[in-house]
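Here's the structure, in structure tokens; my notes come after.
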Amino acid sequence: MNQTVADTGRPATVGILGGGALGLSAAYRLVQAGVDVTVFEKENVLGGLASSFEVGGAHLEKFYHHIFRSDTVITSLIEELGLGDRLIWKPAPTSSMVGGKIYPMDVPHLFTFAPLSPFDRLRLIFGMTYLKFLQRDYRRFENVTAGEWIVRWMGSGAYEKVWKPLFVQKFGDYAEKVAMSWFWSRIFCRSLALGYLRGGFFQLYAALEARVRSLGGTIKTGQSVERIEALRDGRVRVTANGEETEFDRVICTLPTRLFMKVADGLPDDYRRQYEWGNYNGAQCVILSLDRPLSDIYWLSLHDNDFPFLVAVEHTNYMPAADYGGQHLLYLGNYLPFTDPRYSMSESELLDLFLPYLTRFNPAFDRSWIKQVWVFKTPFAQPIVTVDYHKHIPPHETPLPGVYLANMFQVYPQDRGQNYSIKMAYEVVELALSSLKTTGKVG
82 MNQTVADTGR
92 PATVGILGGG
102 ALGLSAAYRL
112 VQAGVDVTVF
122 EKENVLGGLA
132 SSFEVGGAHL
142 EKFYHHIFRS
152 DTVITSLIEE
162 LGLGDRLIWK
172 PAPTSSMVGG
182 KIYPMDVPHL
192 FTFAPLSPFD
202 RLRLIFGMTY
212 LKFLQRDYRR
222 FENVTAGEWI
232 VRWMGSGAYE
242 KVWKPLFVQK
252 FGDYAEKVAM
262 SWFWSRIFCR
272 SLALGYLRGG
282 FFQLYAALEA
292 RVRSLGGTIK
302 TGQSVERIEA
312 LRDGRVRVTA
322 NGEETEFDRV
332 ICTLPTRLFM
342 KVADGLPDDY
352 RRQYEWGNYN
362 GAQCVILSLD
372 RPLSDIYWLS
382 LHDNDFPFLV
392 AVEHTNYMPA
402 ADYGGQHLLY
412 LGNYLPFTDP
422 RYSMSESELL
432 DLFLPYLTRF
442 NPAFDRSWIK
452 QVWVFKTPFA
462 QPIVTVDYHK
472 HIPPHETPLP
482 GVYLANMFQV
492 YPQDRGQNYS
502 IKMAYEVVEL
512 ALSSLKTTGK
522 VG
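At position 152 of the sequence shown (counting the first as 1) the number is 233 in my numbering, and the numbers step up by one without a gap.
See the structure below:
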């Protein structure tokens with residue numbers, strides 16, 4: 082049934098700011114409910130952090146992506162959109178480099194993990210088992226740092242050799258301040274089998290775009306949102322690329338700091354409470370090689386002299402044949418915007434990164450590289466400290482009719498397509514309920 086404004090008979094209108102997983106999923110559910118939807122996306126492509134580019138006849142994400150068995154919301158949406166036969170589940174070879182040596186990191190190999198003593202190995206396995214199977218309430222971890230909890234329950238050996246180096250690589254100066262609730266989510270919510278949409282998650286966003294458009298929705302790319310303002314008549318005006326459009330409701334998926342810049346009339350106490358926290362940006366250097374570098378999909382780097390934190394050889398998970406025979410390797414980082422690496426050119430990054438690849442494969446030579454891509458984006462990794470949960474803004478903002486939904490609110494998780502889609506559904510319900518209770522829909 083179409084949702085219509087009661088006093089005019091016209092369809093209710095909702096503006097959605099952002100065309101990533103959250104924005105497109107919200108748009109899809111709203112147009113299904115008969116709402117007149119317009120999506121504004123700043124970039125020229127959709128998908129947000131899961132946006133892709135074409136490689137060898139398929140699409141590859143600019144920033145590495147996969148899903149877990151616990152990601153039931155996105156799995157259901159993939160099935161609903163008729164893409165279920167493209168969703169592949171299988172274990173992926175995962176290892177860690179510690180002290181210059183590479184160790185498999187599946188559970189059986191943890192029992193023989195040489196960097197730890199036998200006792201410390203047992204403590205590590207017990208701690209991970211407890212978090213995975215025996216403790217389901219993240220709230221009990223909110224006021225303790227991950228480092229404090231790990232040292233107490235898994236031991237200082239496990240912390241120093243296994244976890245702390247990864248925290249340093251990912252969070253830099255904030256490594257000792259990361260909340261245990263965040264770490265819990267990394268263990269509890271993940272699975273050994275990974276899922277990937279063969280041909281790229283691009284297909285999911287292309288399908289969402291097609292469904293939204295076929296049901297009458299509008300999607301505009303290349304749109305820079307400049308202002309959001311609540312009007313006296315209860316509507317909301319959005320200014321994008323200098324053009325004003327009015328809606329009954331607006332869902333903003335921009336990072337909170339960006340929302341604060343464009344939202345007109347927010348109270349000072351709201352700003353003090355929620356204009357808070359820090360993010361790291363994401364950076365990925367993607368190499369197309371003429372041969373495999375290794376047989377590992379995911380290699381975590383616990384040696385902090387590396388200039389990147391992870392090496393993900395995508396074609397050790399999906400076949401190189403899917404990409405025209407190219408072997409695709411991500412070298413990934415999360416960096417503060419002030420880090421020199423965040424501003425380096427492609428040639429500077431290659432000069433910095435490539436010498437380290439011989440540690441994975443001594444035979445590696447620069448001639449193996451056939452193509453290079455470099456991508457970066459700000460606000461990719463919220464830094465979840467023990468105070469974080471006190472500063473998560475509610476979806477309903479002080480601006481009547483304006484809802485905020487972004488990665489900062491995906492807690493205790495910090496990002497992920499699944500949780501973005503889940504949040505989209507929740508905010509859609511809020512918006513539809515509001516339209517009904519205020520008499521704006523008949």
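Glycine included, each C-beta is placed from N, C-alpha and C at the ideal position.
Three-state secondary structure (DSSP) of residue i
i	result
P172	strand
R316	coil
P92	strand
R308	strand
H395	helix
H476	coil
S151	coil
G104	helix
M488	helix
M261	helix
P199	helix
S157	helix
D403	helix
V116	coil
I97	strand
E528	Here the chain covers residues 82 to 523 and nothing more, so residue 528 does not appear.
P348	coil
S266	helix
I377	coil
Q494	coil
L337	Checking the sequence, you will find Thr at residue 337 rather than Leu. Reduced to three states, the DSSP call for T337 is helix.
H383	coil
Beta-carbon proximity list for residue i, same chain, < 7 Å, skipping 5 on both sides
i	result
I473	F489, Q490, Y492
Y240	G228, I231, V232
L435	R447
M261	F222, V225, T226, A227, W230
K143	S132, S133, F134, C365, F456
Proximity of residue i and residue j at Cβ, strictly below 8 Å
i	j	result
Y378	A173	yes
A119	V259	In the sequence as presented, Ala is not what sits at residue 119; that position holds Thr. Contact flag unset, no.
Y469	G323	no
F460	S272	no
H408	P443	no
G315	G482	yes
L368	L285	no
L275	L168	no
Y255	I450	no
D345	R308	yes
Exposure of residue i, with buried meaning 16 or more beta-carbon neighbours within 10 Å
i	result
T439	exposed
P348	exposed
D495	buried
D403	buried
G281	buried
G208	buried
K171	exposed
D117	buried
N397	buried
Q354	exposed
E290	buried
F194	buried
N487	buried
L215	exposed
Neighbourhood of residue i by C-beta, 8 Å cutoff - its chain only, sequence neighbours within 5 removed
i	result
F121	G96, I97, L98, G99, G100, K301, Q304, V306, V319, A321
R110	A505, Y506, V509
Close beta carbons around residue i, own chain, < 6 Å, minus the five adjacent residues each side
i	result
N361	Y415, L416, P417, Q462
V64	Not covered by the structure: residue 64. The range shown for the chain is 82 to 523.
L205	M235, A239
P246	H383, N385
S106	I502, A505
Y145	V393, Y411
V136	Y404
| said: Quick check on the DSSP output: what are the complete alpha helix (DSSP H) runs of length 4 or more inside the region 426-483, in order along the chain? | reply: The alpha helix (DSSP H) runs of length 4 or more contained entirely in the region 426-483 are, from start to end of the chain, 427-434.
| query | Quick one: complete alpha helix (DSSP H) runs, 4+ long, within the region 216-250? | reply | Within the region 216-250, the complete alpha helix (DSSP H) runs of at least 4 residues are 227-234.
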